[in-house]
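Each remark here refers to the structure printed beneath this line.
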Amino acid sequence: YLNCGGSPTKTECLKARKQTNKHKYWQMSFGKRSAEELYQIVKDPECIHNLADKPKYESLKNKLKKQLFAELKKQGDPRMFGKGHIFDEYIYANEDTRGFYERYMRGEKMRPGWVNSSDFEKEPIR
189 YLNCGGSPTK TECLKARKQT NKHKYWQMSF GKRSAEELYQ IVKDPECIHN
239 LADKPKYESL KNKLKKQLFA ELKKQGDPRM FGKGHIFDEY IYANEDTRGF
289 YERYMRGEKM RPGWVNSSDF EKEPIR
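The sequence shown begins at 189 in my numbering and counts up one residue at a time.
Okay, here's the thing in structure tokens:
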């Protein structure tokens, strides 16, 4: 949750993970998402019902993926040329938080200004 700024809304979503009747709100905000998503925007404007795994939409999904990759190549997107790592290597303005995730995962106590202390989980989420 540390790549998302702290706010009252975020706090409530994080609390929802531990509440059976509200867990779906945490899942929609911070849960793992499918690698592919496809929605009928007119019928489902909130994009709640992912259709990507439905066989009925397989050919449309393939067509859209082909179009997406063609556009990304045309625009010179580094991920299309095996250089996606560039997005993880941008130098952040604040030296104190460079390599934040790796340092935090090694156990370094970090105090980033963009999160609330309640955003830190005591145990890994599985």
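Backbone N, C-alpha and C define an ideal beta-carbon position, used for all residues, glycine too.
Short check: CB of residue i to CB of residue j, under 8 Å?
i    : j    : result
E224 : K249 : yes
S306 : T199 : yes
C235 : S217 : no
Grab the span of the alpha helix (DSSP H) containing residue i for me, first residue to last.
i    : result
L256 : E246 to K262
F308 : Taken as a continuous stretch (DSSP letters only), F308 belongs to no alpha helix (DSSP H), as it is neither H nor E.
T197 : P196 to A204
Kindly give me the distance between the Cβ atoms of residue i and residue j, rounded to whole angstroms, as I take these residues to be in contact under 8 Å.
i    : j    : result
L226 : N238 : 7 Å
L190 : P300 : 7 Å
By how many angstroms is the C-alpha of residue j removed from the C-alpha of residue i?
i    : j    : result
V303 : R286 : 15 Å
R205 : A240 : 25 Å
L260 : I274 : 15 Å
M268 : F257 : 7 Å
Q207 : P266 : 41 Å
Y330 : M298 : Absent from the structure is residue 330, since the part of the chain shown begins at 189 and ends at 314.
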